Each structure stands twice: as structure tokens, then as C-alpha cells.
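Peer 1: Provided herewith is a single structure, encoded as C-alpha cells, for subsequent inquiry.
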Amino acid sequence: PQVYFYLTASESSFYLVIRSWVFTIMVYTWTLFLCCIPGLRAVPLLMSWSTSIKLFDESNTANITDVSPTTTLAIAVDYHYTRGEFYYSDGVGRIYRGRLSPREDSFEKPIVIAEVTLCDGLAVDWVSDNIYWTDINTREVEMATLDGLYRRVLFNASDGVEKPRAVVLDPSEGLMFWSDWGQNARIESSGLNGNGKVTIVSSNLVWPNGISVDLRNKKLYILDGFLSTISSCNYDGTDRKEIKTSRDTLQQAFALTFYGNTLYWGSWRQHTLFAMDVGSGITRSVYKRMGSKVVERMMGLRAVDPSLQSPSSTPNPCQSAGCSHRCLVGRAHSASCICPYGFTLQSDKKTCVEQGYLVTSWRKSIRRYNLDGNNEEALIDTTAAAISIDYHMKKNFIFWSDIEEHRIYRAPLGQLNNKTVIVVAEQCDGLAVDWLHDVIYWTDTHDDTLEAAELDGSNRKTIFSDNLDEPRAIVVDPHSRYIFWSDWGANARIERAVLDGSDRQTIVNYDISWPNGMTLDLNKKLVFWVDGKLGTISSCDYNGSNRKLLLGNTVPMQPFGVSSFQNRLYWTDWRTQSLFQINSDNVNELNKLANYSRTILMRPNSVRVIHSSLQPEGENSCASITCRDICLGSADPHKGHCMGELEEGDDIDVRMGVPAVLTPVVSNDSISLTLSGNTPILAAISVKCTKRDGCSEDKLCSEGKEQLQVFTNQNTFNITGLLPATHYEVDFKSTGHNEILQLVTKASDHPEIPKISSVDVQDKVVKIKWDPVDTCVPGFDSYHYKVFKNTPNQDVTLEGSTQLTEVSFDNLTHGMDYSIHIYTYDINYFSSTSFSIKADESEQLCRQEEHLCDSVEDCPDGSDENVATCAVIESVTVYKKTNSAIYFKCQVQNRTAKQLEKFVGNYSMSGSSVSQGFEAMAEPCTIWPEYYCFNVSGLSRNKIYNFGVSAAITHERVGDQVEVSASTKEEASGPPENVKITSYTPTSVVIEWRYPNNSNGVIKSFIINILEVEMYEEEKCCLSFPIFESPAQDEEPLYIHEAGGLLPATSYAISISAKNMYFGASATIDVSTPPSPMDIMRQPNVQLSSLPALSWKPMEDPPPSDLPQYHALIKCYLLLLLSSKGDEVTNSDLGSLLPILESKIGSGFKVLWYKQTSDDEAFKQPIKVENLEPRKQYQLAWVQVSQYKDAYGIDYILSDHFIAL
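As numbered in this note's numbering, residues 14 to 1218 make up the sequence shown, in order.
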């Protein structure tokens, strides 16, 4: 047997044939168990629950198997049987691909194939290998290939899309069907290519939550979770039939699938999977969620069977369409050719021609555009601080650096969410890919290095670590064998070297300040660069000659990144937060292509043109060489360079198989090597520091530059001037022997003593400074000090520790002599000095203003502690945190607020004695104006920090510290605050809430969940509504949402939670809707003195239909007198009814008559209206009040206006 996997004739003009006996046996065995055993008619069901994707065997209800790891609100699900894959969407906003596997130990990390916002439905085209989905937040219906490429929007809001949900396909007919539960609920269809969109069902629908197709009989089944119905129709919407109605089994049903002659669906209300035979209508419960699992909801459902995805007998029109790339099937077996991003379809409607496209990093996002700036797409929206970008076209890779996460990432082009960390780099501002030798180069402006590695990050090698100040941009021309890089340090310049680092030259070193971005013209051999300080764009030859100023400072800008393509330059500008393009031959043609608001969160950084012509094919000179280390291109285009290896002859690696013959002797500051055997004529020893034992987080040596020493005609080699307790890599090369040693110098016998350099005494303020010591030694945690009174007892007045090389004291006593000891980790090794505090010249000195708030009673009576001027913090809490910052909310005493200027303090990582200071301006919080908010940034991710915070008022008075701890690990948010209902109608409520007190991260949206808890005259309950996601503006204080589609006289529990990276705790509020509007059941009998009988007008908002079941909820009637002067007379007996009446009728009324419905005698007597003011205009309102729980319904009629006599 043969299993054919067609990649379509258009993809590469071939198909892949796989002979797979194992897969065939699996298919046949599965089919045998499902179809051939007498009495067994079960089918596996693929179900998405809130936290997992499960495969369920109907024949064995205990056999329910996870096929995916834990998910975050799994929603829609489908599968591709032949490929053995399933696809699902989740609440985080992504569509994933996983393997259909029943074994837990075979779980693989799901692959992200698309970024979405909220996908409620997806469907797989198993014939053409495409996937289709709906997005309710963007109001779009989209498609892509199964690897996430060729993505395109088929329909959006301009096509009438409102709230798209379920989607199903019939690839044999080239048809797609989807449901929309917007204001006008409907079922629509189109070709799989997006052509021929029509509405096929538009009546008797409210919540079409599920749809499914009968492929054999060409029938469509529709599930409505509000009306509790299942109906069927033909593909064109004709022959519509309601085949089941049941509030017991169909109320709040959400997912639907069809197999054989059976429909399966899930009920949120019953937490049950139901099945119904379509012919007989017999319904049975297949599986019920019990215990704690009831909190999970079935969101998606698919029957899994090869017969449901069998090849069609109808020929695939794409096989003969002649598309150069990809093909989609349409109605009536038509075919449409489509192109990948960056390509355009030619007039023959078959051929795609590459145009190229732009990729730009906007710090928090990486986006792509057509070359004219249109057709924008977000490739990834979750970067921390994306800077540099480059790509490898042939291998379909894109690379980018993130300076906050200190990483270089690699991902498939167009699928950046499937990223892999390949390099850890402290601050990579520039990177470039050598596409011939498969090498990536980058600069690190923190470590001042230029490094290289293979495309997976292996065989990392430092090319340059000396004479670099602030390296930034880097570009490569592997055909010319050159790398170019810029340095914006004190001596700004552009340099060039061969790919292996040889022949280093400076090509530009004047009229240059901040060379932020660079690009090359490979054909013309030109270097282009942008200068962020001078605001210029310039060019020169590869050797620095023929320099030209293309765009001067006539245009105000601060450019950062630049890319060249076909006589056009594209660059990013920090000043305007924009992406620009000019013609390099005519700089007057300046075009703005993209722009964002002026926020650092979306600052544009790197830009790259993606086009195959920018990476032409050539010879890989490393292909024929086997290196133990990385191979880089050399000046010889036919010979690669094995970095770090001596070479003898042509391409010989002399390290292979050489035994070690070196004997090392190590002390605390030197290494001695002895080589046995013959004395070498020449030996070169390279020593590199790799790690200090005493440094936290095992960082590389800050002094870790390579030292090279050359020796002649000797066997003993001494290397001195080394650091104690330090790891070194010693690379020994000689004419007879080569070896690399990893050695560790010994620790010092005693700690280094800090040498006091200065003592400054001003009144009672003493500042002492000392020279720094080597801090990267075992045992060192900080500098320690002790202050002694020079008395016989040598009393210790102060002691403490600091990471600084100075310490200050301002609370010593006048007229006292002191000594201080400064030491590191051993108190026996210290330096000391003495100083004196002058005697007090007058008692008033103790009350000087700078000492009023130091919490020290320098005056005997304590009068220096004037509390009216001291800075006092009442509380400090953390309300938000990210991977690199923590946000504080601070409450201060009233007296402090009057003069508050700033907050000051220090922080340290938990478990570390290293502390740092911070200072933040005191500004009221946007959300909580009665509090002050500030943040501390530049922190490391997933670390716990301890903070000491003080308030500082005028004249630098600093109050006592308040301590607080927090981590930089983003966690779930706290609940929204002050949730309340501001108004309601029989079918809607308006909800209001405020930003959470503790957001624990950047709030992206709020999740609103509405659950029906009780219904008037309904025996069973309850209905849950679809989850709604409301976008959030970070730190916007107030949010309002109107929830519609509710039922009259019904109680609901509404929960609202905030979502950052996670789903937060929810705040819940109960609300009841009033009864539906009704006809006036009792007519008024009003008598006016000296006036004829009144005539009454109909209601201003008459009910659409009178619902008799709500008549029993009528509670009372009122007669109100409306005055032209707006007399306001309240009635305390009305209570909570009063504001409802005022909102409906207005506040200018007087209650003339008020009776309960049960008081029949009162309605038999006429209502007399007397004592009216003559010649004044009046109007009467007859009000019927209905009530369900605490919700009032108001129906009323108005009389004609009349004038009292």
C-alpha cells in the first residue's frame, strides 16, 4: 500500500510519495476496531477543554486521553488525519499544531502557526493542506497553510463580519461555511479561495455556536445555544428543518460534530457530551464531567475517522491550474493561484514574482510590510526590547536580538513565535548573517566584543575584544570576504576586516558621531550608514573612499536602522517614531511608510529588506574542511579558516590526536608550564580569563581579554600577573605540540585590605572614602565598617556594610572622638583612621533645619523632631511588575504630601548583599490620585528584590525607610476593583469597574464571563454566555462595558478578570434583569375638578410583544403629576424605585397615588386630582411597576397636557 502526501503541483512542481507500512497498519487497525467489530459503532472524538486537548473513545467512557500538554483556555480544534496532526486555538491568542498521540511520554511542545486575538473556530482543509479560522476581536475570517505561511484575510468588518464563530469545510466542493452571532445572526458560505460569499441562513438564529457538515449528503447542521435548537439545511440554505429542540440538552450547547448518522455536541449547562441519532432523534448522554472538572468547558469537538477526510473522487482543480506557488479551490471546482508574502501575482493569474518586503523591529514588536509600507502584519508582539534583525533566505531563518532578555533568537521566517535561543549576549545592538558560510556575527556593546557562531549558536568565538568602545551595527559581504561594523564611542568610526578577523582597518573616522545603522550595496560595493546624532545618511566605497552625504541635517531626524534595495534606502527614525524610504539617486523623494505614537515601547530600531537577490549564491569555502572549532571565511575565497587552530599544510588540523605533555604549576597569581621532550623553537601561549569564583551569577571575567605571550627555545613558561581564584583557558601552541588547558589559580591567603583615601568632616557629617579592592574573590560580599567611640570601653557606635567605596554618617555626637575600621570578609585585616566632631557652639545648632527629620533626638528635649516637617510613608505596595521593572504605589502622611519632592532608597537581589540606590520623582498615580506611583527598572527577570523606600521633602529631608519585597516574575493579576452595575434593561446591563490594585504586569485585556444563575418560572438553569474580551489601556482607571443579549427577569453572576500574560483573579457581581416591557394591565380612573375626562397617549417605548408569563411580576401602580416647572417632590416610601422612575420619566414629578396590585378595593375608587395651581400646565403619568428580585420594570402611559382652571 502507498500513502500519498500531495504538496500541490504549484508548491515545487512535485509530490512526495511515502511508503509507510507502519502508518498503513495503524490506519487499518483503527478502522477495524471502530467499524468492523459487531456492535461497536464508536468513533474517537477530539475535544478541546479549557485546560487540555483530549481524545475520547465512546466505546470506553473511562478511556479519555490527553494529546497535549496543559493549555490556557483551549477553544477551537480540528485535525489532519493523514499527517497525524491536530490544531487548536487558545485564549492567549495563538493557533498551535501538535501530534495526535495517545502516549503521554510523546508530548512535544506545540508549534505556533499563527498569532490571533480570539479564535472561536478553525477548520483544516485536508486536501490542499490549509487551515481556516475566525477571529471575533478583529472581526475577520482568515486562512494560511498548515505551517502558518501564505496567511491572508478573506473577509473582515468591511464585508459585514461581526462576531464570527464556528467554521467548517467541504474541500471536495471547495466550500467554507461559518457562523456569525452578531446583531443579525447568520450562516455564511464562500469558496475556499474567498470568492462567492453568500448568506445562506439568516432567520431563527441567535447564538449559532456550532456547525457541522454531512459530506456524503451535502447537509449542514446548525446548533443554536440560545434557542436550544439543532437545525439542518442544504449547502445553499434551502430545505431548512428544525430537527431538535431541548432546553435540557441544548441550552448553552457550544460545539457540534457529525459522524455516520450521529450528531455530537457539548453542553456547558449540563457539563455533558450528548449524542443524537439523526434518523430517530434518540438522544443519549455519552460523557459527563464530574467533580472539580466541571469548571472546565468543552469548547471544540471533532469526530476523528479517516472516512471523514477521504480523498474526493472529484479531480482537484489545483492540480491542473499551473500555479507557480500555491493554489486555492473555489466554488464550482474553480481554482485561484495565490502568492506568499512579498510576491505579486502576474497578469496570467498563475505566476508569482518576488517583490520583497520589509521587516522592522519596533522594540515591543517585529512587523513586516510591503515595500510601499502597506499590508502590515505583526510577526511577533511579545518582544521585550527587539533591536537588530537579519535573516538567512536559503535556510528560511530570521534572527533578532533582545537587549532586555539578553538573547539572540532564531525562528522560521514568518513564524517568529516558534523562536529558539541560540546565543546569550548581554547587549547585542547589531547582528549579521553570512549566508555562504552559515555563520552569524554580532556586536556586544556591554562587553565591547565582536563575536561569531554557527547558526545554532554553537562554536562561539570572539573575533575582537580589544580597541572596541561602543560597537553597534554590523553587516557582511561573504562574496567580498568582508565584515563591516560601526563604533559610536569616544572615537566614532566604521571598521572593516576579513570574515576571520584578519586585516582589520578603519575606513571612516571623521565627521561621524553615532553610526547607528549600516547596510551594503553588494553590486556597487558601497557602504551606507546613518548617524543618529548628526541626523545624516552617508555612503562610501568598501575602502572608505568616494564618501558622499546623501541626506543632511536639513530634515530633523534621529535615524537608527537602515537597509538598501534597488537604489532605495529604508531607515527608521527615533525622533518621529517612523519608517522612511528614499531613492538613493534622488534624495528629494522622501516617503513615510509607517508610524506609531511617540512612546519608547514602540520605538523603531532595525529594518531589513527580505529578498533573495540580497543573498546571492556563492562558494562556501568551509564546506570541504573539518574543524573542531568554527570555520570562517578567509581572504582566500577557496579556503576557510578553522578559528583558534594552527594549520600545517593545506587544511590540516594539527590538534587532532595530539596527547597532552604539559605539566602546570598554579599559584594565586601565576601559572608555570613545563613541556617535556624536545625544546620548541617557538611557542605561543594565549591566556583567557573565563570565570571568577567569587563573582555572582558566574559571569565572565570583566578582565577576560586574551593575553598572548611568545617564548623561544625554552621548555618552562611562566605567566604572571594573574588574578586569584580565577578560571583560565590556556591555549598552548608550539612547533611540536598544541594543547588547551583549563586551570584555576589559588585563592589568596588573606583578603585584600581597603586603603582609606580621604576623611571629610563637616560639622556632624563625616564622609570616608577608600580605594576599591578585588571583589571577585571567594568570601567577598561587601565592604564592612565599624565606628568606635575613642573611650576606654571602645563602644561600637555604628556598623554596617555597603557595596560602594565610601560611607557617610550624619548622626554622631558633638565633641566626641571616633575611630573607624574598614574591612572585607575578615575583621582581622582592616584599615583604620580617627576623626573628631567639634563641640556644639550653641544649643540652637541642634535644631538646624537639615536635622529636623532624621529621627535622631540631637536636642535633649527632642525639639529637633518637628513632626510637621518630617517625611513619613504610611505604606508601600507593589501594583505591577514586568520582567525588568517593579511598579510601586505609595501612601504618605498629609504633612509629607505638602512638600513631597521624590522617593529615594536602595534595593538588592534576595540573597545578595550587593545593593543599588534609586531616585524617583513624586507624581500622583493616574489610577489612584490619592497615592503616589513610581517604578524601579533595569532589573533582572525572575528574581526577588528587597527594597528600602524613603520619602524626601523640601531641603533634602529624608524620612525613615519602609521595606518591601517583590519579584520580577510576571504573575496573574489581582481582581478588578469597584465592579458595579450602573444601569440595566430587560436584555442588557452596563458594567463599570476600575483597574486592579495589583496588576502584576501590563494588563492587555479584561475577560468578562456571564453566567445565568436563576430564571423566572424556569425549572432548570443555567446558561453561560460566550466569554467576552475587552481590550485594556494600561493604567486607564475606569472601564465600562455593556453586555447585551440577556433574558428578562433573570439573575446573572458576572465575573471580570484582568489578563496580562496570565488570567487573573476575578471579581464577581450579581445582577437581575427586570421583566420584559408589558401592556398596561389596569387603566387609570382619574377625576379632575372642573375638567373633562383625560385622554391617554400610548407608551413612548411600547413593548415589542406582551409576554403573559411576566404579568404576575407586576407589583404596583402610581399616578404621577408632571409639572412644567419641574416641581420635585420625593416620596421616601418609593426607596430604590425612585431613581428608576427618575431615569425613565424625569425628576420633575409628584406622586399623587401609589397602590400595590393586591389592593383591589383601591382600584375601584376614582382617583381625584385636586388643589392644582390655576393657569399652570400639567400632565399625568400612569405607571405600572413590575419587579423581579431587585430589578424594576417601568411601563407607563401619559395623559394629554392640560391647564388647571
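Note that the Cβ used here is the ideal one computed from N, Cα and C, for glycine as well. Please read all numbers here as calculations on a predicted model, not as lab measurements.
Considering only C-alpha positions, which residue in the set L429, K1189, C1129 and E1183 is nearest to V1198?
Peer 2: Translated into the one-based positions of the sequence shown, residue 1198 becomes position 1185. Comparing Cα-Cα distances from V1198 to each of L429, K1189, C1129 and E1183, the minimum goes to C1129.
Peer 1: Could you work out which residue in Q1096, P1090, G1148 and L1131 is closest to Q1122 when comparing CA atoms only?
Peer 2: Here the question's residue 1122 lines up with position 1109 in the sequence shown. Among Q1096, P1090, G1148 and L1131, the Cα nearest to that of Q1122 is on P1090.
Peer 1: Given 8 Å as the limit, is there contact between the region 372-389 and the region 635-644, that is, 3 or more CB pairs closer than that?
Peer 2: No, the region 372-389 is not in contact with the region 635-644.
Peer 1: Under 7 Å Cβ to Cβ from N430, same chain only, skipping five residues before and after it: list those, please.
Peer 2: By one-based count along the sequence shown, residue 430 stands at place 417. Excluding positions up to five away in sequence, the list reads R107, V125, E128 and I393.
Peer 1: How should Y109 be labelled, buried or exposed, when 16 other C-beta atoms within 10 angstroms of its C-beta is the threshold for buried?
Peer 2: Counting from 1 along the sequence shown, the entry for residue 109 is found at position 96. Flag for Y109 reads buried.
Peer 1: Helix, strand or coil for R588? Go by DSSP, reduced to three states.
Peer 2: Taking the sequence shown and counting its residues from 1, the one referred to as residue 588 is at position 575. R588 falls in the coil class under three-state DSSP.
Peer 1: List the whole-angstrom C-beta distance separating V291 from R253, where the pair is believed to meet the contact cut-off of C-beta under 8 Å.
Peer 2: Taking the sequence shown and counting its residues from 1, one reaches residue 291 at position 278. Taking the sequence shown and counting its residues from 1, one reaches residue 253 at position 240. Contact flag wrong, Cβ pair sits at about 15 Å.
Peer 1: Pick out the complete beta strand (DSSP E) segments inside the region 364-430, 3 residues or longer, and give them in chain order.
Peer 2: If we require 3 residues or more, the beta strand (DSSP E) runs fully inside the region 364-430 come out as 365-367, 370-374, 379-383, 390-393, 399-405, 410-415 and 420-425.
Peer 1: How many whole angstroms separate the CB atoms of G313 and H450, which I take to be in contact at a CB cut-off of 8 Å?
Peer 2: Stepping through the sequence shown from its first residue, residue 313 is reached at position 300. Stepping through the sequence shown from its first residue, residue 450 is reached at position 437. 46 Å between Cβ atoms; not a contact.
Peer 1: Nearest-angstrom Cα distance between Y523 and R506?
Peer 2: In the sequence shown, counting from the first residue as 1, residue 523 sits at position 510. In the sequence shown, counting from the first residue as 1, residue 506 sits at position 493. Looking at the two C-alpha atoms, the distance is approximately 7 Å.
Peer 1: Straight-line CA distance for V1142 to E1155?
Peer 2: As a first step, residue 1142 is located in the sequence shown; it is residue number 1129 there, counting from the start. As a first step, residue 1155 is located in the sequence shown; it is residue number 1142 there, counting from the start. Below a pLDDT of 50, predicted positions are generally treated as unreliable, and V1142, at 49, falls in that range; the measurement from the model is reported next regardless. Looking at the two C-alpha atoms, the distance is approximately 11 Å.
Peer 1: Hey, S141 and L384 are a contact pair by Cβ (cut 8 Å); roughly how many whole angstroms apart?
Peer 2: Along the sequence shown, read from residue 1 onward, the residue named residue 141 stands at position 128. Along the sequence shown, read from residue 1 onward, the residue named residue 384 stands at position 371. Incorrect: roughly 29 Å between the Cβ atoms, too far for contact.
Peer 1: Taking just the CA atoms, how far does V743 sit from V678?
Peer 2: Here residue 678 corresponds to residue number 665 of the sequence shown, with the count starting at 1. Here residue 743 corresponds to residue number 730 of the sequence shown, with the count starting at 1. Cα-Cα distance, rounded: 13 Å.
Peer 1: Spell out a yes or no on whether the region 1171-1189 and the region 1061-1069 are touching, meaning 3 or more CB-CB pairs, one atom from each, closer than 8 Å.
Peer 2: The region 1171-1189, when compared against the region 1061-1069, does not touch it at the 8 Å Cβ threshold.
Peer 1: How close, in whole Å, do the beta carbons of D403 and A445 come, if the pair is a contact with beta carbons under 8 Å?
Peer 2: Start at 1 with the first residue of the sequence shown, and residue 403 comes out as number 390. Start at 1 with the first residue of the sequence shown, and residue 445 comes out as number 432. Sure, about 5 Å apart at Cβ, within 8 Å.
Peer 1: Using CA atoms only, rank isn't needed, just tell me which of K802, T818 and V1026 is closest to H827.
Peer 2: As a working note, residue 827 is residue 814 in the sequence shown. Comparing Cα-Cα distances from H827 to each of K802, T818 and V1026, the minimum goes to K802.
Peer 1: If you draw a straight line from the alpha carbon of G972 to that of S950, how long is it in whole angstroms?
Peer 2: Start at 1 with the first residue of the sequence shown, and residue 972 comes out as number 959. Start at 1 with the first residue of the sequence shown, and residue 950 comes out as number 937. Each residue's alpha carbon lies about 23 Å from the other.
Peer 1: Please report the straight-line C-alpha distance between A964 and Q974, rounded to a whole angstrom.
Peer 2: For the purposes of this step, residue 964 is identified with residue 951 of the sequence shown, where counting begins at 1. For the purposes of this step, residue 974 is identified with residue 961 of the sequence shown, where counting begins at 1. Cα-Cα distance, rounded: 8 Å.
Peer 1: So the candidates are Y422, K746 and R199; which of them puts its Cα closest to the Cα of V219?
Peer 2: For the purposes of this step, residue 219 is taken as residue 206 along the sequence shown, with counting starting at 1. Of the candidates Y422, K746 and R199, the one whose C-alpha sits nearest the C-alpha of V219 is R199.
Peer 1: Between which two residues does the alpha helix (DSSP H) harbouring I1158 extend?
Peer 2: Counting from 1 along the sequence shown, the entry for residue 1158 is found at position 1145. Run containing I1158: L1150 to I1158, per the alpha helix (DSSP H) assignment.
Peer 1: Using the Cβ count rule (16 or more neighbours within 10 Å means buried), how would you classify T729?
Peer 2: Numbered from 1 along the sequence shown, position 716 holds the residue referred to as residue 729. When all chains shown are included, T729 counts as exposed.
Peer 1: DSSP beta-bridge partners for Y1123?
Peer 2: By 1-based counting over the sequence shown, the position of residue 1123 is 1110. Y1123 pairs with nothing; no bridge assigned.
Peer 1: What does the Cβ neighbour count give for K902, buried or exposed, with the cut at 16 atoms within 10 Å?
Peer 2: On the sequence shown, residue 902 is found 889 positions in, with the first residue counted as 1. By the neighbour-count rule (16 or more Cβ atoms within 10 Å), K902 is buried.
Peer 1: Looking at the unbroken alpha helix (DSSP H) that takes in L263, where does it start and where does it end?
Peer 2: Locating residue 263 in the sequence shown gives position 250, counting from the first residue. Counting along the chain, the alpha helix (DSSP H) containing L263 begins and ends at R260 to L263.
Peer 1: Taking its Cβ as the centre, do 16 or more other Cβ atoms sit within 10 Å of M1094, making it buried, or is it exposed?
Peer 2: Position 1081 of the sequence shown holds residue 1094. M1094 is exposed by the Cβ-count criterion.
Peer 1: Out of curiosity, what's the CA-to-CA distance linking T37 and S320?
Peer 2: Your numbering for residue 37 matches position 24 in the sequence shown. Your numbering for residue 320 matches position 307 in the sequence shown. The predicted model places T37 with a pLDDT of 38, which falls under 50 and marks its position as unreliable, so this point remains unresolved.
Peer 1: In chain order, which continuous runs of the beta strand (DSSP E) of length 3 or greater are located wholly inside the region 719-755?
Peer 2: Listed in chain order, the complete beta strand (DSSP E) runs (minimum 3 residues) inside the region 719-755 are 720-725, 729-732 and 739-747.
Peer 1: Alpha carbon to alpha carbon, how far is T251 from Y234?
Peer 2: As a working note, residue 251 is residue 238 in the sequence shown. As a working note, residue 234 is residue 221 in the sequence shown. C-alpha separation (whole angstroms): 12 Å.
Peer 1: Where in the region 201-287 do unbroken runs of the beta strand (DSSP E), each at least 3 residues long, occur, reported from the N-terminal end onward?
Peer 2: Listed in chain order, they are 211-214, 221-227, 232-237, 242-247, 254-258, 266-272 and 275-280.
Peer 1: Taking contact to mean at least 3 C-beta pairs separated by less than 8 Å, is the region 549-565 in contact with the region 330-347?
Peer 2: With the cut-off at 8 Å, the region 549-565 and the region 330-347 do not touch.
Peer 1: Can you tell me where the alpha helix (DSSP H) with F1176 in it begins and where it stops?
Peer 2: The residue you call residue 1176 lines up with position 1163 of the sequence shown. Its alpha helix (DSSP H) spans residues D1173 to K1177.
Peer 1: Which word fits A89, buried or exposed, when buried means at least 16 other C-beta atoms lie within 10 angstroms of its C-beta?
Peer 2: The residue labelled residue 89 in the question sits at position 76 within the sequence shown. The residue in question, A89, is buried, as its Cβ has 16 or more Cβ neighbours within 10 Å.
Peer 1: Using CA atoms only, rank isn't needed, just tell me which of Q264, H750 and S102 is closest to C132.
Peer 2: Translated into positions along the sequence shown, residue 132 becomes position 119. When each option's Cα is compared against that of C132, the closest is S102.
Peer 1: Helix, strand or coil: which one does DSSP assign to L1051?
Peer 2: In the sequence shown, counting from the first residue as 1, residue 1051 sits at position 1038. DSSP places L1051 in strand when its eight states are reduced to three.
Peer 1: Please name the residue, chosen from D482, D516 and V488, that lies closest to N504 on a Cα-to-Cα basis.
Peer 2: Along the sequence shown, one-based indexing puts residue 504 at 491. Nearest of D482, D516 and V488 to N504, Cα basis: D482.
Peer 1: How about the region 594-602 and the region 576-586: do they share at least three Cβ pairs that are nearer than 8 Å?
Peer 2: Yes, the region 594-602 is in contact with the region 576-586.
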